[in-house]
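What follows is a set of notes on a single structure, which appears directly below.
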Amino acid sequence: TNADGIGARVYLMATDSTTKDSLIQVQEVRAGSSYLSMDSVDLEFGLGQVSIVDTVLVLWPSGRRQILNDLPVNKRFVVTESEH
1 TNADGIGARV YLMATDSTTK DSLIQVQEVR AGSSYLSMDS VDLEFGLGQV SIVDTVLVLW
61 PSGRRQILND LPVNKRFVVT ESEH
């Protein structure tokens, strides 16, 4: 896959600590959305009252999958494609 992960799809799953509702968000790393523009390759998820992220699933353009579990909120994570 490319160095910036362009085309990777990221699924975030968590539980709202107040309502106990499930939260699922999906974002894709994109290169540009209009003529002569460049999107940030950083993804930002709005989590509300979530206190911990249960699971993040990354589907890389190469077909590989990566799963991260039990991540703290209000942190920045850099995920690179594993070779396995």
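First residue of the sequence shown: 1, per UniProt numbering; consecutive thereafter.
Note that CB positions come from ideal geometry on N, CA and C, so glycine has one too.
Each residue's CA atom was taken as its position, placing Asn74 and Glu44 some 10 Å apart. Boundaries for Asn74: no beta strand (DSSP E) harbours it, and the DSSP string shows neither H nor E there.
Taking all protein chains in view, the Cβ of Ala8 is crowded by 16 or more other Cβ atoms within 10 Å, so the residue is classified as buried. Taking the C-beta atoms as reference points, Asp21 is found no nearer than 7 Å to Gln49. Around Leu47, the same chain offers Val73 as residues with beta carbons nearer than 6 Å, after the five sequence neighbours per side are excluded.
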